[in-house]
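Protein chains: 2
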Amino acid sequence: MATLETISSIDTAARHPIRLVANRTGLTVDLIRAWEKRYHVVDPARSDTKRRLYSDYDIERLRLIRIAKQNGRRLVDVAPLTLEELRDVVSEDSRYDSITDNQAEVYRPSWTSPLEATDAQDDIDAMLFAVQTMDQHRFDQLLQEGLVKQSLPSYLETVIGPLLREIGESTRLGKLRIAHEHMATAHLRTFIGALRFRETYTGGEPKIVITTPTGQLHELGALMIAALVSVDGWLPVYLGPNTPADEIVACTNQSGARAVSLSLTYPADDPRIATELTRLRSQLDGKIPVFVGGAATAHHQELISRLGLESPPTLNGLRHSLNALRDRQFKEQTA
Amino acid sequence: MATLETISSIDTAARHPIRLVANRTGLTVDLIRAWEKRYHVVDPARSDTKRRLYSDYDIERLRLIRIAKQNGRRLVDVAPLTLEELRDVVSEDSRYDSITDNQAEVYRPSWTSPLEATDAQDDIDAMLFAVQTMDQHRFDQLLQEGLVKQSLPSYLETVIGPLLREIGESTRLGKLRIAHEHMATAHLRTFIGALRFRETYTGGEPKIVITTPTGQLHELGALMIAALVSVDGWLPVYLGPNTPADEIVACTNQSGARAVSLSLTYPADDPRIATELTRLRSQLDGKIPVFVGGAATAHHQELISRLGLESPPTLNGLRHSLNALRDRQFKEQTA
DNA sequence: TTTGTCTGGACAAAACTAGGACAAAATTGT
DNA sequence: ACAATTTTGTCCTAGTTTTGTCCAGACAAA
Numbered sequence: 002m003a004t005l006e007t008i009s010s011i012d013t014a015a016r017h018p019i020r021l022v023a024n025r026t027g028l029t030v031d032l033i034r035a036w037e038k039r040y041h042v043v044d045p046a047r048s049d050t051k052r053r054l055y056s057d058y059d060i061e062r063l064r065l066i067r068i069a070k071q072n073g074r075r076l077v078d079v080a081p082l083t084l085e086e087l088r089d090v091v092s093e094d095s096r097y098d099s100i101t102d103n104q105a106e107v108y109r110p111s112w113t114s115p116l117e118a119t120d121a122q123d124d125i126d127a128m129l130f131a132v133q134t135m136d137q138h139r140f141d142q143l144l145q146e147g148l149v150k151q152s153l154p155s156y157l158e159t160v161i162g163p164l165l166r167e168i169g170e171s172t173r174l175g176k177l178r179i180a181h182e183h184m185a186t187a188h189l190r191t192f193i194g195a196l197r198f199r200e201t202y203t204g205g206e207p208k209i210v211i212t213t214p215t216g217q218l219h220e221l222g223a224l225m226i227a228a229l230v231s232v233d234g235w236l237p238v239y240l241g242p243n244t245p246a247d248e249i250v251a252c253t254n255q256s257g258a259r260a261v262s263l264s265l266t267y268p269a270d271d272p273r274i275a276t277e278l279t280r281l282r283s284q285l286d287g288k289i290p291v292f293v294g295g296a297a298t299a300h301h302q303e304l305i306s307r308l309g310l311e312s313p314p315t316l317n318g319l320r321h322s323l324n325a326l327r328d329r330q331f332k333e334q335t336a
Numbered sequence: 002m003a004t005l006e007t008i009s010s011i012d013t014a015a016r017h018p019i020r021l022v023a024n025r026t027g028l029t030v031d032l033i034r035a036w037e038k039r040y041h042v043v044d045p046a047r048s049d050t051k052r053r054l055y056s057d058y059d060i061e062r063l064r065l066i067r068i069a070k071q072n073g074r075r076l077v078d079v080a081p082l083t084l085e086e087l088r089d090v091v092s093e094d095s096r097y098d099s100i101t102d103n104q105a106e107v108y109r110p111s112w113t114s115p116l117e118a119t120d121a122q123d124d125i126d127a128m129l130f131a132v133q134t135m136d137q138h139r140f141d142q143l144l145q146e147g148l149v150k151q152s153l154p155s156y157l158e159t160v161i162g163p164l165l166r167e168i169g170e171s172t173r174l175g176k177l178r179i180a181h182e183h184m185a186t187a188h189l190r191t192f193i194g195a196l197r198f199r200e201t202y203t204g205g206e207p208k209i210v211i212t213t214p215t216g217q218l219h220e221l222g223a224l225m226i227a228a229l230v231s232v233d234g235w236l237p238v239y240l241g242p243n244t245p246a247d248e249i250v251a252c253t254n255q256s257g258a259r260a261v262s263l264s265l266t267y268p269a270d271d272p273r274i275a276t277e278l279t280r281l282r283s284q285l286d287g288k289i290p291v292f293v294g295g296a297a298t299a300h301h302q303e304l305i306s307r308l309g310l311e312s313p314p315t316l317n318g319l320r321h322s323l324n325a326l327r328d329r330q331f332k333e334q335t336a
């Protein structure tokens, strides 16, 4: 996959005004100047009227330094580094950073900032307010911003999930109109749907079929799963909501998927859930695991264990099961 | 690149008065003249009495410069650029600053042949084949590539629209499984939903509420409208499918929208269509036009004309009606 | 007549620069 | 654990450049 195109073509010509640099890097104008004054982080060219003019090279440098700072590096330490060294530092840090969900405390250098305990609830409240005021633009902005603050899996778990529940709850209580809920849902459908395209695919990923069974019309849970698993190197075959068991089987076979994941939310007591799950399990190759999740899962524990389906309690649980599955299958394949 | 202009249907004929240009670009009349005076940003033709007459080309230029400024460019830097250079600069900038962090590049095949005049049907066939083989990745790739070749409106009209119809048709005839249709629909939902975020919003756009009435569960048509109108400087308030008339009214009022657009596809003979449309028209401010479109529109001609709704026969018709509406309302506003 | 556009110039707000001050946060020393 | 020290983000002033808005008088359009 030729993604290096843009990176390799960094233009050393100085042409960007400071305001644009601030926009692109997320730093303030003041800060950029302060860094230059104190540590000569960058040394921009000047226009004939002394305005600073930055090159792509400078911007890349500032961007990397910002990330390094976010990872806990001190400015004094990273300021003198070359671009190459900076890249190394950042990529090394982010490698550890992505495992923070697990038990990577050990690898966390002592000087690391303690993962900014910004209350996720604040973000969610702000989003709810945007929904209530029908401020779609603001809503989108908040969603995008929130995503920058943390890794995709934890974002889904701490922000998007709770947000969905609160929107549902508020609508039921009459705090939000149906129109509000519709707007929010439609927007989230687009937003979450786009999340998985942040990942790059190599073509060798194992596939997983993701959908909801007949009768289950809410697809956002399933869509979250699709975004989630693509982070861990799975290629989701996403079918949208309301797919009959036969079709799930056919799709799994045709695409050669190694797993199936279903989301159950509403209605929780739909009798079709039982029939569809039973049918699915009986027609599907026994070697292919079926994962079940969502709010309605609790109502069907007995059925799930009887059929031998897996229902990890959290998103993280699902991740671990899938990772284990992938590694195991990889071993078998190469053995 | 002479072909580019014909494809994106930019008219080089000069005929727009300065007031309309100001309206469409969001700039003030004074500012447009000042830019011309100081930097020769545009060089409009003149009437025989020295009035400035702007072409679509000029408007596009001004619009882009405005966005470039918003991105932090200085007027001095962007003023001398050609339209193509401006497009490059703007798309480069807006690609970056929306992704403040994380070097996730938009996947853009670098080998895309420039403006190949491939028959649209070939593209559609290739897409259908990708769907049939469950090759989601290829499907996405084709969708993205197709978009590069032409403007968004013509892409929707010549590719996406026909593709949707063919998918529906093929499924009914049994050429595609339900699973295939599901996969394609889910993917298109994400793809089309993301289209409107290619546009940059200035904050001054008039709003338009877009949805489908109760009973109409297919939202892709409505979603296409949302993408379409954002090209022409409208801000869509998108509510997803299946919205009751009361809620549409409430949403229109709360958001201050100037128009409503509904998509009717299936089922075409649902009696709720009549009741919902009637209810909507009676509760909604008479000054707010309601546009109706989609496959099922034909079945309700009598009702539509009786209620005084508008149903432009093509997407282009809708565009023109909306453009006219916007310009007209602006006049009234300033008067 | 009334409203809108034209030209040229004036003016003021906004943005940038340089240098420095200040306080919060992080780090180090005891 | 506490105090001293360093680091770092933000803000201030004053002078310059850039940019947006406004004005006046003449003319054109409705």
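Those sequence lines, one after another, are chains W and U.
Going by my numbering, the first residue of the first sequence is number 2, and it counts up by one from there.
Going by my numbering, the first residue of the second sequence is number 2, and it counts up by one from there.
Note that the Cβ used here is the ideal one computed from N, Cα and C, for glycine as well.
List the residues of chain U that residue i touches, going by C-beta distances under 7 Å, in chain order.
| i | result |
| --- | --- |
| W/A187 | Y239, L240 and G241 |
| W/G194 | R190, T191 and G194 |
So that I know if they touch, is there some Cβ in chain W lying closer than 8 Å to that of residue i?
| i | result |
| --- | --- |
| U/T244 | yes |
| U/N72 | yes |
| U/M128 | no |
| U/D271 | no |
| U/A131 | no |
| U/T113 | Interpretation of U/T113 is limited by its pLDDT of 32, a score under 50 that renders its predicted location unreliable; no figure is taken from the coordinates. |
| U/G318 | no |
| U/A105 | A caution first: U/A105 carries a pLDDT of 26, below 50, which makes its placement in the model too unreliable to give a value. |
Would a check of beta-carbon distances place residue i closer than 8 Å to chain U?
| i | result |
| --- | --- |
| W/Y202 | yes |
| W/P110 | Unreliable placement is indicated for W/P110, whose pLDDT of 34 sits below 50; the coordinate value is still reported in the next sentence. It does not: the Cβ of W/P110 has no partner Cβ on chain U nearer than 8 Å. |
| W/M225 | no |
| W/L265 | no |
| W/S231 | no |
| W/A251 | yes |
| W/P207 | no |
| W/P214 | no |
| W/P268 | no |
| W/R18 | Sequence inspection shows Pro at residue 18 of chain W; the Arg mentioned does not correspond to that position. Taking Cβ atoms only, chain U reaches closer than 8 Å to W/P18, which makes this a yes. |
| W/W235 | no |
What residues of chain W sit near residue i, judged by a beta carbon separation below 8 Å?
| i | result |
| --- | --- |
| U/E248 | R178, I179, A180 and H183 |
| U/S256 | M135 |
Residues of chain W with a CB under 9 Å from the CB of residue i: which are they?
| i | result |
| --- | --- |
| U/G309 | Ordered by position in chain W, no residue passes the 9 Å Cβ test against U/G309, which lies about 23 Å from the chain. |
Show which residues of chain W have a CB atom less than 7 Å away from the CB atom of residue i.
| i | result |
| --- | --- |
| U/H138 | Y202 |
Using 8 Å for Cβ pairs, my map puts residue i next to residue j. What's the rounded Cβ distance?
| i | j | result |
| --- | --- | --- |
| U/T244 | U/T213 | 7 Å |
| U/I226 | U/I211 | 5 Å |
| U/V230 | U/I209 | 6 Å |
| U/R47 | U/L54 | 6 Å |
| U/L28 | U/R62 | Between U/R62 and U/L28 the Cβ distance is about 11 Å, and since that is not below 8 Å, they are no contact. |
| W/P313 | U/G73 | Going by Cβ atoms, the distance from W/P313 to U/G73 rounds to 45 Å, so no, they are not a contact pair. |
Taking 8 Å as the threshold, find out whether the stretch 169-189 of chain W comes into contact with the stretch 199-208 of chain W through three or more Cβ pairs. no
At a Cβ cut of 8 Å, what residues of the stretch 21-43 of chain U count as close to chain W, listed as they run along the chain? none
Counting only Cβ-Cβ distances shorter than 8 Å, please list the residues of the stretch 75-95 of chain U near chain W, keeping chain order. R75, D78 and D94
Please name the residues in the stretch 152-176 of chain U whose beta-carbon is closer than 7 Å to at least one beta-carbon of chain W, in chain order. none
Do the stretch 232-239 of chain W and the stretch 267-274 of chain W touch if we need at least three Cβ pairs shorter than 8 Å? no
Evaluate the contact criterion for the stretch 128-145 of chain W versus the stretch 176-194 of chain W: three or more CB pairs, one atom per stretch, below 8 Å. yes
Count the CB pairs spanning the stretch 313-322 of chain W and the stretch 283-303 of chain U that are closer than 8 Å, and state whether there are at least three. no
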